[in-house]
Structure formats: structure tokens, C-alpha cells
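Scroll down for the structure; my scribbles are underneath it.
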Amino acid sequence: MPTVSRAHASEINPGRFANMYQPLIAVHNSTTREQPPVVMTFLVSLQNFGTSIGVVLSSIVFSQTLTKVVPQCAPSVSAPDVLETGTDAGAVRHLVVGHESELDNLLLAFSEGVRNIFYFVGGIKAVSVVVSLSMGWVDVSKIH
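Each residue of the sequence shown is one higher than the one before, counting from 4 in our numbering.
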């Protein structure tokens, strides 16, 4: 199994690493000399907690989309079976044995689930941009 080294970790998800350090820099510039360790620990904990909540909510969006769309797209396949199967290609094909003509429609249902996750994430990003505009702009460069 291939492993990912730390040198290439930023290539996998550059947004995570770029957005993580901006708040840390702001913390260093807006706290007293004694506060950064505690505030940074709290900040990283909130970032991890927010990511966990995002993963759970994305999973809910995906499963609810499949529950709603699968009966419409592939009537011979039960939605609970699809949710239990997961996204393994062989297992998804096994769901439509005897009804192979519905495979394209079942894959369309999966596609709609992924699309709805993208809409959810886009909505979260839009809200974060609107909220960030109310925070103001502060120059953090040191003037000597």
C-alpha cells in the first residue's frame, strides 16, 4: 500500500493547509505574549471539531439524497441496501443483478448525492465569506 509522506501532504489538500495558518498568524498578532499556546490549542481544536461536523453533515446529505433518489431512479433496488453497500464498484453492480438496465440510473443517484455534497460545501463557503467580510481588515506586518 503506498503511503503519503509529509512533503506531499499539502498537495493532497492545499486548502486545508492554506486556511489553517491564517488564523494562527492572527492569533499571534492579537494576543499577549503569554496567551498564544492556549489560544492556538483552542483554535486547532475548533478547526478539527468543525471538520468533523462537516464530514458528518456531508454524510447525512449523501445518505438522505440516496434515500430520496434511489427509489425514483432504480425502483428494483432498495435504498437501505444501497446505504449498507457503500461505494464499492463491485458491490454497487451486485445490487442490480437481474436488473442491469438500472445500473446507469443507480450511478446517477450516486452522482446526485455527490453533487448535493458540493452544493452543501459551497453554501458553507459562501456563509464563511459573508461572515469574514464583517471581521474587518487588520495589517499584521511589523513596522520597524
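We treat Cβ as the ideally placed atom computed from N, Cα and C, and that holds for glycine.
Item to check | Limits of the unbroken alpha helix (DSSP H) element including Ser-61 | outcome: In the DSSP assignment, Ser-61 falls within the unbroken alpha helix (DSSP H) covering 39-76.
Next on the checklist: Does the structure place the segment 108-116 close enough to the segment 69-81 that three or more beta carbon pairs sit under 8 Å?
Outcome noted: yes
Item to check | Assigned secondary structure, Thr-88 (DSSP; H/G/I helix, E/B strand, else coil) | outcome: helix
Checklist entry - Anyone know if the C-beta pair for Leu-86 and Arg-96 falls short of 9 Å? => result no
Item to check | Asp-107 - containing alpha helix (DSSP H), residue span | outcome: 106-136
Item to check | Buried or exposed (CB count within 10 angstroms, at least 16 for buried), Val-132 | outcome: exposed
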